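Trainee:
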Amino acid sequence: MKNVFNKQNVAIGIVCLLVGLMIAILFNTNHQTIDRDTRDTWEIRTALLEEQKIQQNLYMEIAEAEQTLQEYQEQTEHQQIESLKNSINELREQAGLTEKSGQGITVTLEPMFLEEDYQEYPEINAELLQLLINELNAAGATEMAIESQRVINITPIRDVNDNIYVNNSSIGELPTKIHVLTNDSEEIINHLEVSEIGDYFALENVTMNLSEQSDIVLPEYDEQIDLQDVDIVDVPEEGES
Amino acid sequence: MWLPALFLIIGLLLGFMTNMSIPDAYTNYLSIAVLAALDTLFGGIRAQLEAKFDQKVFISGFFFNVLLAAFLAFIGVQLGIDLYLAAIFAFGVRLFQNLAMIRRLLIEKYELYREVKKDTKS
C-alpha cells in the first residue's frame with residue numbers, strides 16, 4: 000500500500016484544513032447570536048405598565064383636545080372668541096410667557112472657600128448649569144428661572160466669553176439663584192441631595208444650597224419666541240440594532 | 000483522494016467547535032480570502048483532472064492568492080475604493096470557469112469509462 004501520508008498529500012491536506020477553518024470562522028462571524036431579551040416576567044410587566052401609562056396619558060390628551068373642539072363647535076360666535084382667548088392664555092402660560100407664582104425651592108450656587116492659601120474665585124460653566132436644569136426637570140420641577148431669566152423649552156444656556164448666558168443675557172458671577180416651581184419640594188430636595196450633581200459643583204469649588212419657599216414668583220419670558228430655525232429631529236428608532 | 004476531504008472536515012469542525020469569530024471590521028478580508036482559497040482549491044481539482052497538477056504551483060497559488068486578495072481589500076479600504084469587489088468579481092468568474100471545466104472533464108471521463116466497459120463486454 001502506498002503511504003497516504005506522503006509530503007504531497009499532507010501539504011494539500013493542510014491547505015484544505017485552512018480552507019475549512021476560514022469558512023467556519025466566516026460562518027461563525029456572520030451567524031453571531033443576537034442579544035437575547037433577558038428580562039424576567041416582573042421586569043416585562045413593569046415595562047408594560049409604563050407603556051400603558053403613556054397610552055393612558057395620550058388618550059387623555061386626545062379627549063381634552065376633542066372636548067375643546069366640541070366647545071368651539073357648540074358655542075356662539077362671541078363664546079367662541081372667548082374660548083379661543085382662553086386657549087391662547089393657556090398656551091401662553093404653558094410657553095412661559097406669563098408670570099407664574101407658587102410654592103417651590105430656591106437653589107443657590109455659592110462659592111465654596113476651602114482653607115487654602117490661595118484660591119481663585121470659583122466659576123461654573125454652562126454645561127454644569129444644564130446638567131442641574133436636567134436634574135431638576137427629572138426630579139419633577141414644573142417651571143424654572145435662573146436669576147431673572149425664565150427657563151422655557153428653547154432657552155439657550157451657553158458660555159460666552161467666560162460668562163454664562165441664559166436667554167441671551169448674562170447671569171453674572173456667582174452666587175447664582177435658581178428658582179424652581181414644583182408641587183413636591185421635598186422630593187426635589189431629596190433627589191438633588193443624593194444625586195451626583197453636588198459633587199460636580201464641588202469639583203469647581205461651588206456649593207449648592209437648597210431652601211424650600213412657600214411663595215416664588217417667576218418672571219415671564221420677555222423675548223420673542225423664534226421658532227424659525229427649530230426643526231423636528233429624526234429620532235433614531237431604539238431597540239434592534 | 001480522501002485525505003484532503005478529511006482535512007477539510009477537520010478544519011470545519013475545528014472552526015465550529017472553537018466557536019471562533021473575528022471582529023466585524025475584518026469580515027471583508029476573510030470573506031475575500033475564503034473566496035481566493037476556494038478558487039485555488041477548485042483550480043487544483045481541475046488541474047488534477049487535466050493531469051497537470053503541480054504541487055508547488057498549488058501551494059504557492061493558495062497562499063499568494065489569499066494574501067493578494069486580503070492586500071487588495073486592505074488597499075481598497077485605505078483608499079476608500081471598494082477594491083475588494085474587483086477581487087470578488089475576478090475570483091467569482093474564475094470559480095465558475097473552473098467548475099465548468101471540472102464538469103466537462105468529469106463527463107468526458109464518464110463517457111470514456113462507459114465506452115471502455117462496452118468494449119470489454121463485447
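Heads up: the protein sequence lines correspond to chains X and H, in order.
Following numbering that gives the first Met the number 0, the numbering of the first sequence begins with 0 at its first residue and continues without gaps.
Following numbering that gives the first Met the number 0, the numbering of the second sequence begins with 0 at its first residue and continues without gaps.
C-beta: ideal position from N, C-alpha, C; glycine also.
Note that the structure is a prediction, hence the values are computed from the model and not measured.
Assuming residue 205 of chain X and residue 108 of chain X form a contact by the criterion Cβ under 8 Å, report the distance between their Cβ atoms to the nearest whole angstrom.
Mentor: Residue 205 of chain X to residue 108 of chain X, Cβ: 5 Å. Contact.
Trainee: How many Å lie between residue 8 of chain H and residue 33 of chain H at the Cα?
Mentor: Spanning the two alpha carbons is a distance of roughly 15 Å.
Trainee: For residue 248 of chain X, which residues in the same chain have their Cβ closer than 6 Å to its Cβ, ignoring the five residues on either side in sequence?
Mentor: Lying before the first or after the last residue shown, residue 248 of chain X is absent from chain X, which here runs from 0 to 240.
Trainee: My understanding is that residue 17 of chain X touches residue 36 of chain H, with C-beta atoms under 8 Å, so please give their C-beta distance in whole angstroms.
Mentor: Indeed they touch by this definition, with Cβ atoms about 7 Å apart.
Trainee: For residue 103 of chain X, which residues in chain H fall below 8 Å Cβ to Cβ?
Mentor: Residues of chain H passing the Cβ test: none, with the nearest at roughly 51 Å.
Trainee: Express the C-alpha separation of residue 70 of chain H and residue 113 of chain H in angstroms, rounding to a whole number.
Mentor: If I take the Cα positions, the gap works out to 47 Å.
Trainee: Spell out whether any CB of chain X is found under 9 Å from the CB atom of residue 68 of chain H.
Mentor: With 9 Å as the cut-off, residue 68 of chain H does not count as an interface residue toward chain X.
Trainee: Start and end of the beta strand (DSSP E) containing residue 105 of chain X?
Mentor: Per DSSP, residue 105 of chain X belongs to the beta strand (DSSP E) from 99 to 110.
Trainee: Curious, which full-length beta strand (DSSP E) runs of at least 3 residues does the stretch 72 to 98 of chain X contain?
Mentor: Counting only runs of 3 or more, we get nothing.
Trainee: Run down chain H in chain order and give the residues with a C-beta less than 8 Å from the C-beta of residue 13 of chain X.
Mentor: Chain H residues near residue 13 of chain X: 6.
Trainee: Do you know how far the Cα of residue 28 of chain X is from the Cα of residue 122 of chain H?
Mentor: Not covered by the structure: residue 122 of chain H. The range shown for chain H is 0 to 121.
Trainee: Give every residue of the same chain whose Cβ lies closer than 7 Å to the Cβ of residue 69 of chain X, excluding the five residues on either side of it in the sequence, and list them in chain order.
Mentor: Answer for residue 69 of chain X: no residue qualifies.
Trainee: Nearest-angstrom Cα distance between residue 242 of chain X and residue 72 of chain X?
Mentor: Since the first residue of chain X shown is 0 and the last is 240, residue 242 of chain X is not available in this structure.
Trainee: Looking only at C-alpha atoms, which of X:183, X:172 and X:86 sits nearest to residue 140 of chain X?
Mentor: That would be X:183, whose Cα lies nearest to the Cα of residue 140 of chain X.
Trainee: Assign residue 120 of chain H to one of three DSSP states: helix, strand, or coil.
Mentor: If DSSP states are grouped into helix, strand and coil, residue 120 of chain H belongs with the helices.
Trainee: From the DSSP output, in three-state form, read off residue 16 of chain H for me.
Mentor: Helix, per DSSP.
Trainee: Relative to the alpha-carbon of residue 180 of chain X, which residue among X:162, X:143 and X:203 has its alpha-carbon at the smallest distance?
Mentor: Taking only the C-alpha atoms, the option nearest residue 180 of chain X is X:143.
Trainee: Any Cβ of chain H within less than 9 Å of the Cβ of residue 207 of chain X?
Mentor: No, because no Cβ of chain H sits closer than 9 Å to the Cβ of residue 207 of chain X.
Trainee: Around the Cβ of residue 38 of chain H, are there at least 16 other Cβ atoms within 10 angstroms (buried) or fewer (exposed)?
Mentor: By the neighbour-count rule (16 or more Cβ atoms within 10 Å), residue 38 of chain H is buried.
Trainee: For the stretch 20 to 41 of chain X, list every residue whose C-beta sits within 8 Å of some C-beta in chain H, in sequence order.
Mentor: Residues 20, 21, 22, 23, 24, 25, 26, 27, 28, 29 and 31.
Trainee: Give the residues from the stretch 59 to 80 of chain X that approach chain H closer than 7 Å (Cβ to any Cβ), ordered along the chain.
Mentor: Correct list: empty, as no residue qualifies.
Trainee: Helix, strand or coil, according to DSSP, for residue 107 of chain H in the structure here?
Mentor: Here residue 107 of chain H sits in helix by DSSP.
Trainee: Where do the N-terminal and C-terminal ends of the alpha helix (DSSP H) with residue 28 of chain H fall, by residue?
Mentor: Residue 28 of chain H -> alpha helix (DSSP H) spans 26 to 48.
Trainee: Let me know the secondary structure DSSP gives residue 118 of chain X once reduced to three states.
Mentor: It is coil, neither helix nor strand.
Trainee: Does chain H have any CB closer than 9 Å to the CB of residue 189 of chain X?
Mentor: Chain H, which has no Cβ nearer than 9 Å to the Cβ of residue 189 of chain X, makes this no.
Trainee: Provide the residue span of the alpha helix (DSSP H) that contains residue 193 of chain X, from first to last.
Mentor: Run containing residue 193 of chain X: 184 to 193, per the alpha helix (DSSP H) assignment.
Trainee: Counting pairs of Cβ atoms below 8 Å between the stretch 37 to 51 of chain H and the stretch 94 to 111 of chain H, do you hit three or more?
Mentor: Touching, yes, given that three or more Cβ pairs across the two stretches are closer than 8 Å.
Trainee: What's the gap between the Cα of residue 50 of chain H and the Cα of residue 34 of chain X?
Mentor: Cα to Cα, the separation comes out at about 51 Å.
Trainee: Taking residue 299 of chain X as the reference, which of X:167, X:99, X:212 and X:57 has the closest Cα?
Mentor: Shown here, chain X extends from 0 to 240; a query on residue 299 of chain X therefore has no answer.
Trainee: Alpha carbon to alpha carbon, how far is residue 106 of chain H from residue 29 of chain H? Give it in angstroms, no decimals.
Mentor: Whole-angstrom Cα-Cα distance: 34 Å.
Trainee: Please name the residue in X:185, X:43, X:123 and X:103 whose C-alpha comes closest to that of residue 161 of chain X.
Mentor: If we check each option's Cα against that of residue 161 of chain X, X:123 comes out closest.
Trainee: Just to check my reading of the structure: residue 121 of chain X and residue 83 of chain X have Cβ atoms closer than 8 Å, yes? What is that Cβ distance to the nearest angstrom?
Mentor: About 50 Å; that fails the 8 Å criterion.
Trainee: With a threshold of 9 Å between beta-carbons, can residue 16 of chain X be considered close to chain H, or not?
Mentor: For residue 16 of chain X, the answer is yes, since a Cβ of chain H falls inside 9 Å of its Cβ.
Trainee: List the DSSP bridge partners of residue 144 of chain X.
Mentor: The partner list for residue 144 of chain X (beta bridge, DSSP) reads X:149 and X:178.
Trainee: Kindly list, in the order they appear in chain X, the residues whose Cβ is closer than 7 Å to that of residue 18 of chain H.
Mentor: Correct list: 27.
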